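Numbering-wise (this note's numbering), the sequence shown opens with residue 1104 and increments by one.
All residues carry an ideal CB built from backbone N, CA and C; glycine is no exception.
Computed from a predicted structure; not experimentally measured.
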Amino acid sequence: MPASRETISMPILPIKGILFPGAKTRLRIQDPAHKLMVNYCIQQDTALCVCKERVSDDSRSNAQEIEPSNIGTSARILQAQDVEDGSMDLELTGISRISLLSYRHGNKYMVGQFKYLPDLDDSVPTLLIDEAIALSSEIWSFVTTERTRPQLPTEPEALSYWIAAHVPLTVEAQQELLELRTTRTRLAKEVSILRSLMDHMRTEQTS
């Protein structure tokens, strides 16, 4: 991962969900400006920032404006396909967590200045990792009909992002996990969430 002191410029794609580093997502975009941005990224072979959209009130026009969240994820476009209705289907993969320093509305779409935001150094206990893997596997068997269990990452940071991306959580909870600065804190919070989910699922199963 690039050094955290590096500053980069890239287009911004605000979405309603969360994209985590190492995860993939599919979405359909309809905004002509966003389609223009995607074509630019493909032509220039450059990344873009995917972040949760925030709706703010513009007191000057009494209108609502879409703003980017302060923490997002740099992403690469894996596939882009035009649809007959004029929209575009995208497949993206998350690369690194980034922090928004500033942004501006360009000619057609938002462009921001970012810095990379790797997790701070913090040792992660083996027991915490083992419990996170065990609970994630158990949760997965409850929420999916797939017979084969996923190959969970064993590297702590990658594991923490995998859990955040695959466990059924609200968008707000996912954003909170993305913003946590240490892997240990993120995994500990996820284990607490997973325990509560398992207790709830077991109760429903026996009732």
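Tell whether a beta-carbon distance below 8 Å holds between Q1308 and I1121.
Locating residue 1308 in the sequence shown gives position 205, where the first residue counts as 1. Locating residue 1121 in the sequence shown gives position 18, where the first residue counts as 1. No, the pair does not count as a contact, with Cβ atoms beyond the cut-off.
Excluding five sequence neighbours on each side, which residues of the same chain lie with their C-beta closer than 7 Å to the C-beta of E1282?
In the sequence shown, residue 1282 corresponds to position 179, counting from 1. Take E1282, set aside five residues on each side of it, and the residues of its chain with a beta-carbon closer than 7 Å to its own are I1174, in chain order.
Where in the stretch 1119–1171 do unbroken runs of the beta strand (DSSP E), each at least 3 residues long, occur, reported from the N-terminal end onward?
Runs found: 1127–1132, 1151–1161, 1166–1171.
Put P1114 into one of helix, strand or coil per three-state DSSP.
Along the sequence shown, read from residue 1 onward, the residue named residue 1114 stands at position 11. Looking at P1114 - three-state DSSP - the assignment turns out to be strand.
Could you check whether C1144 and I1180 sit closer than 8 Å to each other, using their CB atoms as the reference points?
Reading the sequence shown from its first residue, position 77 is the one you call residue 1180. Reading the sequence shown from its first residue, position 41 is the one you call residue 1144. At the C-beta level, I1180 and C1144 come within 8 Å of one another.
Kindly list the residues whose CB is nearer than 6 Å to the CB of Q1184, restricted to its own chain and excluding five residues on each side of it in sequence; keep chain order.
In the sequence shown, residue 1184 corresponds to position 81, counting from 1. If we look at Q1184 and ignore the five residues flanking it on each side, its Cβ neighbours are D1192.
Can you tell which of V1270, T1286, R1287, V1274 has its C-alpha closest to the C-alpha of R1298?
As a first step, residue 1298 must be located in the sequence shown, where it is residue number 195. Of the candidates V1270, T1286, R1287, V1274, the residue whose Cα lies closest to the Cα of R1298 is V1270.
Taking one C-beta from the stretch 1120–1135 and one from the stretch 1195–1208 each time, how about it: are there three or more such pairs within less than 8 Å?
Yes: at least three Cβ pairs fall under 8 Å.
Would you identify the three-state DSSP class for R1284, choosing helix, strand or coil?
Along the sequence shown, read from residue 1 onward, the residue named residue 1284 stands at position 181. Assignment of R1284 by DSSP, reduced to helix, strand and coil, places it in the coil class.
Please name the residue in I1118, A1276, I1236, R1305 whose C-alpha comes closest to that of P1171.
Within the sequence shown, the letter at position 68 stands for residue 1171. Just measuring C-alpha positions, the residue of I1118, A1276, I1236, R1305 sitting nearest P1171 is I1118.
Would you call the CB atoms of L1290 and A1235 closer than 8 Å?
Stepping through the sequence shown from its first residue, residue 1290 is reached at position 187. Stepping through the sequence shown from its first residue, residue 1235 is reached at position 132. In this structure, A1235 lies closer than 8 Å to L1290 by Cβ.
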